[in-house]
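S.K.: In the working numbering, the protein residues as written are 36 to 372.
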Amino acid sequence: MLDNKSILITGGTGSFGKKFVEMVLGKYNPRKIIIYSRDEYKQSQLKSIFSEKIGEKKMSKLRFFIGDVRDKDRLYRAFKDVDYVIHAAAMKQVPACEYNPFEAIKTNIHGAQNVIDAALDRGVKKVVALSTDKAVNPINLYGGTKLVSDKLFVSANAYSGIDGTIFSVVRYGNVAGSRGSVIPFFKSLIDKGEIELPITDYRMTRFWITLEEGVELVFKALEESKGGETYISKIPSFKVTDLAKAMLPECNLKEIGIREGEKLHESMVTKDDSRTTYEYDKHYIVYPHFNWWNSTKHFTNGGRLIEDGFEYNSGTNDTWLNIEQLKLKISMLSEEN
36 MLDNKSILIT
46 GGTGSFGKKF
56 VEMVLGKYNP
66 RKIIIYSRDE
76 YKQSQLKSIF
86 SEKIGEKKMS
96 KLRFFIGDVR
106 DKDRLYRAFK
116 DVDYVIHAAA
126 MKQVPACEYN
136 PFEAIKTNIH
146 GAQNVIDAAL
156 DRGVKKVVAL
166 STDKAVNPIN
176 LYGGTKLVSD
186 KLFVSANAYS
196 GIDGTIFSVV
206 RYGNVAGSRG
216 SVIPFFKSLI
226 DKGEIELPIT
236 DYRMTRFWIT
246 LEEGVELVFK
256 ALEESKGGET
266 YISKIPSFKV
276 TDLAKAMLPE
286 CNLKEIGIRE
296 GEKLHESMVT
306 KDDSRTTYEY
316 DKHYIVYPHF
326 NWWNSTKHFT
336 NGGRLIEDGF
346 EYNSGTNDTW
356 LNIEQLKLKI
366 SMLSEEN
(Lines of atoms letter the chains of each structure in order from A and count residues from 1; the text may use other names and numbers.)
(Lines give C-alpha, C1' and ligand atoms only; values in the text may rest on other atoms or scores of the structure.)
Protein backbone atom coordinates (compact mmCIF):
# COMPACT_ATOMS: atom_id res chain seq x y z
CA MET A 1 0.00 0.00 0.00
CA LEU A 2 2.73 2.49 0.95
CA ASP A 3 5.53 0.99 -1.13
CA ASN A 4 7.20 3.62 -3.31
CA LYS A 5 4.83 6.28 -1.98
CA SER A 6 5.62 9.73 -0.61
CA ILE A 7 4.06 10.28 2.84
CA LEU A 8 3.92 13.47 4.90
CA ILE A 9 2.97 13.68 8.56
CA THR A 10 2.19 17.04 10.14
CA GLY A 11 3.21 17.34 13.78
CA GLY A 12 5.49 14.42 13.02
CA THR A 13 7.83 14.85 15.99
CA GLY A 14 5.22 13.80 18.56
CA SER A 15 4.71 10.36 20.09
CA PHE A 16 2.38 9.29 17.30
CA GLY A 17 4.68 10.56 14.56
CA LYS A 18 7.66 8.66 15.94
CA LYS A 19 5.74 5.39 16.13
CA PHE A 20 4.13 5.96 12.72
CA VAL A 21 7.51 6.40 11.03
CA GLU A 22 8.91 3.30 12.78
CA MET A 23 5.99 1.14 11.69
CA VAL A 24 5.90 2.44 8.11
CA LEU A 25 9.61 1.71 7.67
CA GLY A 26 9.15 -1.69 9.30
CA LYS A 27 6.24 -2.77 7.06
CA TYR A 28 6.69 -0.90 3.80
CA ASN A 29 9.28 0.53 1.45
CA PRO A 30 8.13 4.14 0.95
CA ARG A 31 9.85 6.50 -1.47
CA LYS A 32 10.13 9.09 1.30
CA ILE A 33 8.54 10.19 4.58
CA ILE A 34 8.34 13.92 5.27
CA ILE A 35 8.26 14.86 8.96
CA TYR A 36 6.67 18.31 9.05
CA SER A 37 6.69 20.31 12.29
CA ARG A 38 7.60 23.72 13.65
CA ASP A 39 10.06 22.69 16.41
CA GLU A 40 13.60 22.37 15.07
CA TYR A 41 14.89 21.03 18.41
CA LYS A 42 12.42 18.12 18.40
CA GLN A 43 13.29 17.43 14.78
CA SER A 44 16.97 17.30 15.69
CA GLN A 45 16.21 14.91 18.55
CA LEU A 46 14.11 12.66 16.33
CA LYS A 47 16.77 12.63 13.62
CA SER A 48 19.34 11.54 16.20
CA ILE A 49 17.08 8.79 17.55
CA PHE A 50 16.30 7.40 14.11
CA SER A 51 19.91 7.55 12.93
CA GLU A 52 20.81 5.12 15.73
CA LYS A 53 17.79 2.82 15.31
CA ILE A 54 16.98 2.37 11.64
CA GLY A 55 20.25 2.47 9.73
CA GLU A 56 21.60 4.66 6.93
CA LYS A 57 19.50 3.12 4.14
CA LYS A 58 16.19 3.84 5.86
CA MET A 59 17.40 7.23 7.13
CA SER A 60 17.86 8.28 3.51
CA LYS A 61 14.07 8.06 3.10
CA LEU A 62 13.35 10.64 5.81
CA ARG A 63 12.93 14.36 5.14
CA PHE A 64 12.65 16.91 7.95
CA PHE A 65 10.63 20.00 7.01
CA ILE A 66 10.37 22.96 9.38
CA GLY A 67 6.92 24.46 8.98
CA ASP A 68 3.65 25.36 10.67
CA VAL A 69 0.19 24.26 9.53
CA ARG A 70 -0.80 27.91 9.90
CA ASP A 71 1.52 28.70 6.97
CA LYS A 72 -0.38 27.76 3.81
CA ASP A 73 2.49 28.67 1.49
CA ARG A 74 4.85 26.34 3.33
CA LEU A 75 2.27 23.55 3.18
CA TYR A 76 1.92 24.01 -0.57
CA ARG A 77 5.69 23.64 -0.93
CA ALA A 78 5.84 20.61 1.38
CA PHE A 79 2.90 18.82 -0.31
CA LYS A 80 4.53 18.79 -3.76
CA ASP A 81 4.46 15.21 -5.15
CA VAL A 82 3.07 13.82 -1.86
CA ASP A 83 0.74 10.81 -2.10
CA TYR A 84 -0.55 10.53 1.48
CA VAL A 85 -0.84 13.03 4.34
CA ILE A 86 -1.37 12.20 8.02
CA HIS A 87 -2.52 15.29 9.89
CA ALA A 88 -1.38 14.97 13.50
CA ALA A 89 -0.44 18.59 14.24
CA ALA A 90 -2.59 20.29 16.86
CA MET A 91 -2.61 22.24 20.07
CA LYS A 92 -3.65 19.41 22.39
CA GLN A 93 -3.32 20.53 26.01
CA VAL A 94 -6.70 21.53 27.40
CA PRO A 95 -5.46 24.30 29.77
CA ALA A 96 -3.21 25.82 27.07
CA CYS A 97 -6.16 25.99 24.66
CA GLU A 98 -8.39 27.54 27.32
CA TYR A 99 -5.81 30.22 28.11
CA ASN A 100 -4.83 30.84 24.48
CA PRO A 101 -8.10 30.37 22.56
CA PHE A 102 -7.12 32.42 19.49
CA GLU A 103 -3.94 30.38 19.10
CA ALA A 104 -5.85 27.09 19.40
CA ILE A 105 -8.26 28.23 16.69
CA LYS A 106 -5.40 29.27 14.38
CA THR A 107 -3.71 25.87 14.68
CA ASN A 108 -6.58 23.41 15.06
CA ILE A 109 -9.15 25.02 12.75
CA HIS A 110 -7.32 27.35 10.36
CA GLY A 111 -4.45 24.86 10.18
CA ALA A 112 -6.88 22.09 9.23
CA GLN A 113 -8.35 24.30 6.49
CA ASN A 114 -4.84 24.98 5.17
CA VAL A 115 -4.03 21.26 5.06
CA ILE A 116 -7.26 20.61 3.14
CA ASP A 117 -6.64 23.40 0.61
CA ALA A 118 -3.03 22.32 0.03
CA ALA A 119 -4.02 18.66 -0.37
CA LEU A 120 -6.78 19.47 -2.87
CA ASP A 121 -4.64 21.82 -4.93
CA ARG A 122 -1.52 19.62 -4.86
CA GLY A 123 -3.36 16.43 -5.85
CA VAL A 124 -2.68 14.43 -2.68
CA LYS A 125 -4.37 11.02 -2.95
CA LYS A 126 -5.51 10.60 0.66
CA VAL A 127 -5.50 12.57 3.90
CA VAL A 128 -6.12 10.97 7.29
CA ALA A 129 -6.74 13.43 10.14
CA LEU A 130 -6.24 12.39 13.75
CA SER A 131 -9.11 13.25 16.08
CA THR A 132 -9.89 12.77 19.77
CA ASP A 133 -12.68 11.67 22.07
CA LYS A 134 -12.77 15.29 23.29
CA ALA A 135 -14.32 16.28 19.94
CA VAL A 136 -17.41 14.23 20.90
CA ASN A 137 -19.90 16.42 22.80
CA PRO A 138 -17.06 18.86 23.63
CA ILE A 139 -16.97 20.70 26.94
CA ASN A 140 -13.67 22.53 26.41
CA LEU A 141 -12.15 24.64 23.66
CA TYR A 142 -9.73 21.93 22.56
CA GLY A 143 -12.64 19.56 21.95
CA GLY A 144 -14.58 22.31 20.21
CA THR A 145 -11.75 23.09 17.81
CA LYS A 146 -11.25 19.39 17.03
CA LEU A 147 -14.97 18.97 16.37
CA VAL A 148 -14.76 21.76 13.81
CA SER A 149 -11.59 20.22 12.35
CA ASP A 150 -13.30 16.83 11.98
CA LYS A 151 -16.24 18.38 10.18
CA LEU A 152 -13.90 20.27 7.85
CA PHE A 153 -12.08 17.09 6.85
CA VAL A 154 -15.29 15.12 6.33
CA SER A 155 -16.90 17.91 4.29
CA ALA A 156 -13.72 18.41 2.24
CA ASN A 157 -14.73 15.34 0.23
CA ALA A 158 -17.47 17.44 -1.37
CA TYR A 159 -14.75 19.53 -3.02
CA SER A 160 -12.66 16.63 -4.32
CA GLY A 161 -14.47 15.72 -7.51
CA ILE A 162 -14.50 12.24 -8.99
CA ASP A 163 -10.78 11.42 -8.72
CA GLY A 164 -9.72 14.03 -6.16
CA THR A 165 -8.32 13.79 -2.66
CA ILE A 166 -9.99 11.35 -0.25
CA PHE A 167 -10.32 12.66 3.32
CA SER A 168 -11.07 10.55 6.40
CA VAL A 169 -10.76 10.85 10.18
CA VAL A 170 -9.35 8.51 12.83
CA ARG A 171 -10.63 9.05 16.39
CA TYR A 172 -9.31 7.72 19.68
CA GLY A 173 -8.76 8.89 23.25
CA ASN A 174 -5.59 9.39 25.25
CA VAL A 175 -2.91 6.99 24.09
CA ALA A 176 -1.44 4.79 26.83
CA GLY A 177 2.01 6.01 27.83
CA SER A 178 2.06 9.05 25.51
CA ARG A 179 3.31 12.41 26.69
CA GLY A 180 0.82 14.17 28.93
CA SER A 181 -1.18 10.99 29.69
CA VAL A 182 -1.81 9.61 33.17
CA ILE A 183 0.73 6.74 33.07
CA PRO A 184 3.89 8.91 32.84
CA PHE A 185 2.33 11.27 35.39
CA PHE A 186 1.83 8.47 37.92
CA LYS A 187 5.28 7.08 37.11
CA SER A 188 6.95 10.42 37.81
CA LEU A 189 5.30 10.51 41.25
CA ILE A 190 6.27 6.90 42.01
CA ASP A 191 9.87 7.55 40.94
CA LYS A 192 9.97 10.39 43.49
CA GLY A 193 8.94 7.97 46.23
CA GLU A 194 5.33 9.11 46.55
CA ILE A 195 2.94 6.58 48.08
CA GLU A 196 -0.20 8.64 47.52
CA LEU A 197 -1.54 9.05 43.97
CA PRO A 198 -4.07 11.80 43.10
CA ILE A 199 -7.32 10.77 41.39
CA THR A 200 -9.55 13.52 40.07
CA ASP A 201 -12.67 11.38 40.55
CA TYR A 202 -12.89 7.78 41.77
CA ARG A 203 -15.55 7.02 39.16
CA MET A 204 -13.38 8.04 36.21
CA THR A 205 -12.86 5.60 33.30
CA ARG A 206 -10.81 5.73 30.14
CA PHE A 207 -10.25 3.69 26.99
CA TRP A 208 -6.94 1.84 26.55
CA ILE A 209 -5.23 2.18 23.19
CA THR A 210 -1.52 1.91 22.41
CA LEU A 211 0.42 3.94 19.88
CA GLU A 212 0.81 0.83 17.75
CA GLU A 213 -2.96 0.26 17.71
CA GLY A 214 -3.48 3.91 16.79
CA VAL A 215 -1.06 3.62 13.85
CA GLU A 216 -2.72 0.39 12.69
CA LEU A 217 -6.07 2.21 12.55
CA VAL A 218 -4.46 4.90 10.38
CA PHE A 219 -3.16 2.15 8.09
CA LYS A 220 -6.71 0.81 7.89
CA ALA A 221 -8.02 4.25 6.89
CA LEU A 222 -5.27 4.70 4.30
CA GLU A 223 -6.02 1.31 2.81
CA GLU A 224 -9.81 1.35 2.52
CA SER A 225 -11.22 4.87 3.00
CA LYS A 226 -13.38 6.15 0.19
CA GLY A 227 -14.22 9.56 1.64
CA GLY A 228 -15.87 10.95 4.78
CA GLU A 229 -15.42 8.04 7.20
CA THR A 230 -14.55 8.42 10.88
CA TYR A 231 -12.70 5.30 12.10
CA ILE A 232 -12.87 4.27 15.77
CA SER A 233 -11.08 1.26 17.29
CA LYS A 234 -12.90 -1.30 19.46
CA ILE A 235 -10.75 -1.20 22.59
CA PRO A 236 -11.08 -2.03 26.32
CA SER A 237 -11.85 0.38 29.16
CA PHE A 238 -10.24 0.67 32.58
CA LYS A 239 -10.90 2.44 35.85
CA VAL A 240 -8.29 5.08 36.70
CA THR A 241 -8.28 3.81 40.30
CA ASP A 242 -7.35 0.32 38.99
CA LEU A 243 -4.55 1.84 36.92
CA ALA A 244 -3.11 3.51 40.04
CA LYS A 245 -3.23 0.21 41.94
CA ALA A 246 -1.62 -1.63 39.03
CA MET A 247 1.28 0.82 39.04
CA LEU A 248 1.67 1.02 42.84
CA PRO A 249 -0.25 -1.78 44.59
CA GLU A 250 0.17 -0.38 48.13
CA CYS A 251 -0.64 3.20 47.18
CA ASN A 252 -3.06 5.49 48.91
CA LEU A 253 -5.56 7.23 46.66
CA LYS A 254 -6.57 10.85 47.15
CA GLU A 255 -9.59 12.28 45.31
CA ILE A 256 -8.72 15.85 44.31
CA GLY A 257 -11.76 16.84 42.24
CA ILE A 258 -12.39 16.80 38.53
CA ARG A 259 -10.49 19.43 36.56
CA GLU A 260 -12.01 22.09 34.31
CA GLY A 261 -12.83 20.65 30.91
CA GLU A 262 -12.38 17.04 32.06
CA LYS A 263 -14.96 14.29 31.59
CA LEU A 264 -15.76 11.33 33.84
CA HIS A 265 -15.97 8.99 30.86
CA GLU A 266 -14.78 9.09 27.27
CA SER A 267 -17.34 8.85 24.49
CA MET A 268 -16.34 8.11 20.90
CA VAL A 269 -19.71 7.34 19.28
CA THR A 270 -22.75 9.35 20.39
CA LYS A 271 -26.33 8.15 20.40
CA ASP A 272 -27.08 10.58 17.59
CA ASP A 273 -24.19 9.19 15.53
CA SER A 274 -25.48 5.63 15.95
CA ARG A 275 -27.87 6.02 13.04
CA THR A 276 -24.94 6.21 10.61
CA THR A 277 -22.41 4.02 12.46
CA TYR A 278 -21.44 0.53 11.32
CA GLU A 279 -19.65 -2.09 13.38
CA TYR A 280 -16.81 -4.12 11.90
CA ASP A 281 -14.63 -6.84 13.38
CA LYS A 282 -12.15 -4.57 15.15
CA HIS A 283 -13.52 -1.07 14.64
CA TYR A 284 -16.52 1.18 14.02
CA ILE A 285 -17.02 3.56 11.13
CA VAL A 286 -19.22 6.64 11.45
CA TYR A 287 -20.39 7.56 7.96
CA PRO A 288 -21.37 11.12 7.04
CA HIS A 289 -24.94 12.20 6.44
CA PHE A 290 -24.62 14.43 3.37
CA ASN A 291 -26.20 14.41 -0.06
CA TRP A 292 -22.78 13.97 -1.70
CA TRP A 293 -22.16 10.73 0.21
CA ASN A 294 -23.09 7.75 -1.93
CA SER A 295 -23.56 4.38 -0.22
CA THR A 296 -22.59 2.49 -3.36
CA LYS A 297 -19.38 4.44 -3.86
CA HIS A 298 -18.28 5.15 -0.28
CA PHE A 299 -19.51 2.26 1.87
CA THR A 300 -17.03 -0.37 3.13
CA ASN A 301 -18.52 -3.87 2.98
CA GLY A 302 -18.52 -6.25 5.93
CA GLY A 303 -20.11 -4.07 8.57
CA ARG A 304 -23.51 -3.99 10.23
CA LEU A 305 -25.52 -0.96 11.28
CA ILE A 306 -25.43 -0.64 15.07
CA GLU A 307 -28.56 -0.34 17.16
CA ASP A 308 -30.21 3.07 17.18
CA GLY A 309 -29.32 4.83 20.44
CA PHE A 310 -26.05 2.92 20.94
CA GLU A 311 -23.27 4.93 22.58
CA TYR A 312 -19.63 3.87 22.61
CA ASN A 313 -18.59 5.09 26.06
CA SER A 314 -15.68 4.09 28.31
CA GLY A 315 -18.06 3.86 31.29
CA THR A 316 -20.50 1.43 29.61
CA ASN A 317 -18.03 -0.52 27.45
CA ASP A 318 -18.38 -4.31 27.10
CA THR A 319 -14.65 -5.00 27.57
CA TRP A 320 -12.62 -4.05 30.64
CA LEU A 321 -9.04 -4.40 31.87
CA ASN A 322 -8.61 -5.51 35.49
CA ILE A 323 -5.62 -4.68 37.70
CA GLU A 324 -3.57 -7.73 36.67
CA GLN A 325 -4.20 -7.11 32.97
CA LEU A 326 -3.19 -3.47 33.43
CA LYS A 327 0.04 -4.54 35.13
CA LEU A 328 0.90 -6.71 32.14
CA LYS A 329 0.14 -4.00 29.61
CA ILE A 330 2.14 -1.39 31.56
CA SER A 331 5.14 -3.74 31.68
CA MET A 332 4.86 -4.21 27.91
CA LEU A 333 4.86 -0.43 27.44
CA SER A 334 8.00 -0.16 29.57
CA GLU A 335 9.77 -2.79 27.46
CA GLU A 336 8.89 -0.94 24.24
CA ASN A 337 10.29 2.32 25.63
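We put the beta carbon where it would ideally sit given N, CA and C, even for glycine.
Please classify E290: does DSSP put it in a helix, a strand, or coil?
M.R.: For E290, the three-state secondary structure derived from DSSP is strand.
S.K.: Can you tell me the Cα-Cα spacing of S86 and E57, whole angstroms?
M.R.: 12 angstroms
S.K.: Within 8 angstroms, do at least three Cβ pairs link the region 306 to 319 to the region 277 to 284?
M.R.: no
S.K.: Report the CB separation of P233 from K289 in whole angstroms; it is logged as a contact under 8 angstroms.
M.R.: 5 angstroms
S.K.: Do you know how far the Cα of G146 is from the Cα of L110?
M.R.: 10 angstroms
S.K.: Can you have a look at T167 and say buried or exposed, based on whether 16 or more other CB atoms are within 10 angstroms of its CB?
M.R.: buried
S.K.: Measure how close the beta-carbons of S203 and Y266 come, nearest whole angstrom, since I'm counting them as under 8 angstroms.
M.R.: 7 angstroms
S.K.: Within 10 angstroms of its Cβ, does P65 collect 16 or more other Cβ (buried), or is it exposed?
M.R.: buried
S.K.: So what does DSSP say about K96, is it helix, strand or coil?
M.R.: K96: coil per DSSP, three-state reduction.
S.K.: Starting from L155, trace the alpha helix (DSSP H) in both directions and tell me its first and last residue.
M.R.: 146 to 157
S.K.: By how many angstroms is the C-alpha of L176 removed from the C-alpha of C132?
M.R.: 6 angstroms
S.K.: Where does the unbroken alpha helix (DSSP H) through N220 begin, and where does it stop?
M.R.: For clarity, residue 220 is Phe in the given sequence; the question names Asn instead. Note, F220: alpha helix (DSSP H), 217 to 226.
S.K.: If we call anything under 8 angstroms between Cβ atoms a contact, is V162 one with V120?
M.R.: yes
S.K.: May I ask you to report which of helix, strand or coil DSSP gives K107?
M.R.: helix
S.K.: Helix, strand or coil for I365? Go by DSSP, reduced to three states.
M.R.: If DSSP states are grouped into helix, strand and coil, I365 belongs with the helices.
S.K.: Less than 8 angstroms between the CB atoms is what I'm expecting for M36 and L257, so what's the real figure, rounded?
M.R.: 6 angstroms
S.K.: Can you find the residues in the same chain that come closer than 8 angstroms, C-beta to C-beta, to I230, ignoring five residues on each side of it along the sequence?
M.R.: L283, E285, C286, N287
S.K.: Between R294 and T235, which are expected to be in contact by the criterion C-beta below 8 angstroms, what is the C-beta distance as a whole number of angstroms?
M.R.: In this structure R294 is in contact with T235, their Cβ atoms being roughly 6 angstroms apart against a cut-off of 8 angstroms.
S.K.: In terms of residue numbering, what span does the alpha helix (DSSP H) encompassing V250 cover?
M.R.: Here the alpha helix (DSSP H) through V250 covers 246 to 259.
S.K.: Using a 10 Å radius around the Cβ and a threshold of 16 neighbouring Cβ atoms, would you call H122 buried or exposed?
M.R.: Burial call: buried.
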